[in-house]
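Colleague: For the sequence shown, the numbering used here assigns the number 647 to the initial residue and increments by one for each residue that follows.
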Amino acid sequence: DAMLFLRVAKSWIRMTDWLRKRSPRILMSLAPGIAKDAFEPLERTFCPDGPKIPLGTRAIFRLVNGQEPTKVPLHLSDNTDAPGLWDGLFGGYCFYDQVINMRMLTLAEGLHVGMQWARTYPPYVKGHTLIAIGAALVLQQGVPKIYLIDNSDSKVYTASIQNFSDCTPGRGKPDAVIAWFEHYVDECVSDRYAIAQLLEHHTINAIGINRYPLKGPQYGVAVTRGVRIRSSALYVPELSSEESSFFSYSMRMTILEPEDSNSESVDTCQLMSRHLVFNEGVKGQPPNIVDGEAVIGKYPILKRGGKEFVYQSCTKVPARRDAIASLQGSFKFVPGTIEDAKGAPFDVTIPLIQFLTPTFIL
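#1: DSSP state of Ile-824, grouped into three classes?
#2: Of the residues Ala-840, Thr-814, Val-873, which one's Cα is nearest the Cα of Ser-909?
#3: In angstroms, rounded to a whole number, what distance separates the CA positions of Ala-754 and Pro-694?
#4: Roughly how many angstroms lie between the CA atoms of Ser-669 and Val-912, to the nearest whole one?
#5: Skipping 5 residues on each side, what residues in its chain have a beta carbon closer than 8 Å to that of Lys-978?
#6: Let me know if Asp-796 comes out buried or exposed under the rule of 16 or more other beta-carbons within 10 Å of its beta-carbon.
#7: Roughly how many whole angstroms lie between the Cα atoms of Pro-964 and Glu-926?
#8: Reducing DSSP to helix, strand and coil, say where Tyr-858 ends up.
#9: Check whether the region 811-828 touches the region 707-716, taking contact to mean three or more Cβ pairs, one atom from each stretch, closer than 8 Å.
#10: With burial defined as no fewer than 16 other Cβ atoms inside 10 Å of the residue's Cβ, what is the status of Ile-807: buried or exposed?
#11: Return yes when the Cβ of Ala-879 is within less than 8 Å of the Cβ of Ile-996, no when it is not.
#12: Classify Ser-723 as buried or exposed, calling it buried when 16 or more other Cβ atoms lie within 10 Å of its own Cβ.
#13: Hey, could you find the ends of the beta strand (DSSP E) Ser-620 is sitting in?
#14: According to DSSP, simplified to helix, strand and coil, what is Asp-702?
#15: Quick check on DSSP: helix, strand or coil for Cys-693?
#16: Could you give the first and the last residue of the continuous beta strand (DSSP E) run that contains Arg-671?
#17: For Asp-968, which option in Trp-763, Thr-1003, Phe-736, Ser-800 has the closest C-alpha, if you only look at C-alpha atoms?
#18: Ordered along the chain, which non-local residues of its own chain (more than five positions away) have a Cβ less than 7 Å from that of Leu-701?
#19: Counting C-beta neighbours from all protein chains within 10 Å, is the total for Tyr-830 16 or more, i.e. buried, or is it exposed?
#20: Grab the span of the beta strand (DSSP E) containing Ala-764 for me, first residue to last.
#21: Please classify Tyr-839 as buried or exposed, where buried requires at least 16 other C-beta atoms within 10 Å of its C-beta.
#22: Any Cβ of chain D within less than 8 Å of the Cβ of Arg-660?
#23: Tell me the DSSP bridge mates of His-921?
#24: Under the three-state reduction of DSSP, which class applies to Tyr-830: helix, strand or coil?
#25: Using CA atoms only, rank isn't needed, just tell me which of Phe-810, Asp-937, Gln-958, Lys-667 is closest to Leu-1008.
#26: Of all the options Ser-798, Tyr-957, Gly-938, which has the alpha carbon lying nearest to the alpha carbon of Leu-776?
#27: Enumerate in chain order the residues of its own chain whose CB-to-CB distance from Ile-942 is below 6 Å, with the five nearest sequence positions on each side excluded.
#28: Roughly how many angstroms lie between the CA atoms of Met-748 and Gly-738, to the nearest whole one?
#29: My output table needs one value for Lys-667: the three-state DSSP class, helix, strand or coil.
#30: Look up Tyr-945 in the DSSP assignment and give the residues it is bridged to.
#31: Kindly indicate the opening and closing residues of the beta strand (DSSP E) around Arg-874.
#32: So if DSSP puts Thr-914 in a beta bridge, which residue, or which two residues, is it bridged to?
#33: Would you identify the three-state DSSP class for Ile-1007, choosing helix, strand or coil?
#34: In whole angstroms, what is the alpha-carbon distance linking Gly-951 and Ile-901?
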């Protein structure tokens, strides 16, 4: 018990230190830990006949009882630009209609949501006593996402209306939820994620923990004639299944300052078309090549010193462990603009990124 508590305490210290530097507002949304004698009344109410709250879960909520609901709401008001709306501790991402922002729930909220989920979706969770540790604010027609802890074995699951996925394969009682939390903290403090805009091309100021990675094989950087492309791949568990793994990818493009006067870097350029090469990693199987004009219907104009253009899209690949799918390719740009070209079109490399199903699913 003491060792589990110490592990959780170390992780919370690391996480709060990172938030203090990167997002003080998220730090301020964390609620004080729950008192030791408050667990028994909650257990009597929400799990009188099932397994009690496991030690690892107790340790997490003893130190931080989720995020204050008044500071990080789960439901939209008329003001989608309200402070705190996008401050979910477990971060978020956006592509098309799927807009996710994961808030850490209080223990009372988590027990209530877990009980509701078990009643609503019994095929997935029959015989389980569940606690929701995180839930997503979902906009538009997106698929909801919840992190659920199973009281019987301390494992964490990602649940949606489509599936129920084990986030901690190979882990079990009593430390599965702690190992999952430690992994997320490691990802944050290594700056794999940035505090950045979650909703691109919207007027909403949706700044939060952006879960498109900035490190590892799911991330790549390439520079061609001063045009930098940063690409990231993100596993999307709520839209995946036993047959296929769903991924979203983010493309960020900008013009860097030239390193010397002889640089071939352009001052302004406009995107004309895309050439995307999707490879499922199966020997002898040809790649799926997508050629087309624009990106998400846009022809962005990049200017040196201007704002980075970002867009997200998605794909799915067969769910298999013996092959690693990937994406690479190129964008075609013209110096100047399409209407006022200052030279011949040129190809800008899209760096290779891998579509990896993580060991710990977030």
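Cβ coordinates follow ideal geometry from the N, Cα and C atoms, glycine included.
Note that the coordinates shown come from a computational prediction; the quantities given were computed from them, not determined experimentally.
Modeller: In brief:
#1: helix
#2: Selected option, being the one with the closest Cα: Val-873.
#3: 14 Å
#4: Here the alpha carbons of Val-912 and Ser-669 stand approximately 35 Å from one another.
#5: Leu-917, Met-918, Ser-919, Arg-920, His-921, Pro-991, Phe-992, Asp-993, Val-994
#6: buried
#7: 8 Å
#8: coil
#9: no
#10: Exposed, since its Cβ has fewer than 16 Cβ neighbours within 10 Å.
#11: no
#12: Residue confidence is low: Ser-723 scores 49 on pLDDT, short of 50, so the model does not pin down where it sits. Its coordinate-derived value is still stated next. Ser-723 should be labelled exposed.
#13: The chain is shown only over 647 to 1008; residue 620 falls outside these bounds and no answer can be derived.
#14: Asp is not the amino acid found at residue 702; the sequence shown has Gly there. Helix at Gly-702.
#15: coil
#16: No beta strand (DSSP E) holds Arg-671; the alpha helix (DSSP H) holding it covers 670-675.
#17: Thr-1003
#18: The beta carbon of Leu-701 sits closer than 7 Å to those of Asp-647, Leu-650, Pro-820, all from its chain and outside the five residues before and after it, given in chain order.
#19: When all chains shown are included, Tyr-830 counts as buried.
#20: No beta strand (DSSP E) contains Ala-764, which is instead part of the alpha helix (DSSP H) from 753-766.
#21: buried
#22: This model lacks chain D altogether, as it is built from one protein chain only.
#23: Asp-937, Ser-976
#24: helix
#25: Phe-810
#26: Looking at the Cα atoms, Ser-798 is the closest of the given residues.
#27: Tyr-957
#28: 6 Å
#29: helix
#30: BP columns for Tyr-945 are empty, so no partner.
#31: 873-881
#32: According to DSSP, Thr-914 bridges with Lys-949.
#33: coil
#34: 7 Å
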